[in-house]
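Written out below as structure tokens is the structure these notes cover.
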Amino acid sequence: PVYKYNAAEGMLSNGALIEDAGGVNVAGWIGGPSDGATTLTVNVAAAGKYNLAVKYIGADANRNLKIDINGTSTGEVYTPTPTNGWSIGDAKTFTVAVNLNSGINTIKFHGDGINYGPSLGEVTLTLVSGTVTPPTEPVNPPTVPTGSNPVYKYNAAEGMLSNGAL
Numbered sequence: 001p002v003y004k005y006n007a008a009e010g011m012l013s014n015g016a017l018i019e020d021a022g023g024v025n026v027a028g029w030i031g032g033p034s035d036g037a038t039t040l041t042v043n044v045a046a047a048g049k050y051n052l053a054v055k056y057i058g059a060d061a062n063r064n065l066k067i068d069i070n071g072t073s074t075g076e077v078y079t080p081t082p083t084n085g086w087s088i089g090d091a092k093t094f095t096v097a098v099n100l101n102s103g104i105n106t107i108k109f110h111g112d113g114i115n116y117g118p119s120l121g122e123v124t125l126t127l128v129s130g131t132v133t134p135p136t137e138p139v140n141p142p143t144v145p146t147g148s149n150p151v152y153k154y155n156a157a158e159g160m161l162s163n164g165a166l
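Just so we're aligned, residue 1 is where the sequence shown starts under full-length UniProt numbering, counting upward by one.
This is the structure in structure tokens:
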């Protein structure tokens, strides 16, 4: 599955603002001395590794960005390639791999404490490799005569759905 969000719709804090980038809202004033941030709450069906693709605008060098997943830093300072201008037509996308839990997760975009980061637009999450929970044996397994193989019955509709299954 692919999940799409807009960074401008996240929880803006520490001076981050919604900006108009040529008809599209983006989260601006990310980072800087006050460490402006936007935090998205995302809901994914499966735990696993996701490609986090972020559309951004930042025509200056040193538009550093940090990302926290569920309150924990990824440990990296990302410096996306500068864009040619400040409108949505100049936007580029950078992609990083992140691990998410099944269900609700938070993704916080903020600066390095010094420089302002890029303005952020569409955020896309694509599952790369998920965690599938193996089936468990029934609580009351059938009694099986010695020397024969047990037969377990499962209802597939009660299992974990993944990879776009509905």
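Note that beta-carbon positions come from the ideal geometry of N, C-alpha and C, so glycine has one too.
Between the CA atoms of residue j and residue i - distance to the nearest angstrom
i: Glu122; j: Val24; result: 10 angstroms
i: Met11; j: Gly58; result: 21 angstroms
i: Leu40; j: Thr79; result: 20 angstroms
i: Tyr56; j: Leu120; result: 5 angstroms
i: Gly75; j: Ala37; result: 16 angstroms
i: Ala27; j: Tyr5; result: 12 angstroms
i: Val128; j: Tyr50; result: 5 angstroms
i: Ile18; j: Gly71; result: 23 angstroms
i: Ile104; j: Glu9; result: 16 angstroms
i: Asn62; j: Asn101; result: 31 angstroms
i: Trp29; j: Val77; result: 17 angstroms
i: Thr81; j: Pro33; result: 21 angstroms
Simplified DSSP state of residue i, which is helix, strand or coil
i: Ala47; result: coil
i: Ile88; result: helix
i: Ala61; result: coil
i: Glu76; result: coil
i: Ala53; result: strand
i: residue 221; result: Residue 221 lies beyond the residue range present for the chain, which begins at 1 and ends at 166; the question has no answer from this structure.
i: Ala8; result: helix
i: Ala16; result: coil
Among the options, nearest to residue i - alpha-carbon criterion
i: Asn84; options: Asp68, Ala37, Gly111, Pro118; result: Pro118
i: Gly111; options: Thr124, Asn64, Pro80; result: Asn64
i: Thr106; options: Val42, Gly48, Gly22; result: Val42
i: Ala97; options: Trp29, Lys4, Thr124, Glu9; result: Thr124
i: Ser73; options: Leu52, Val2, Lys108, Asp60; result: Lys108
i: Asp60; options: Asp90, Leu17, Ile104; result: Asp90
i: Ser13; options: Asn101, Glu19, Asp35, Pro1; result: Asp35
Beta-carbon proximity of residue i to residue j, cut-off 8 angstroms
i: Ile69; j: Asn99; result: yes
i: Ala7; j: Ser87; result: no
i: Asn115; j: Gly15; result: no
i: Gly113; j: Ala47; result: no
i: Thr95; j: Leu52; result: yes
i: Thr126; j: Val44; result: no
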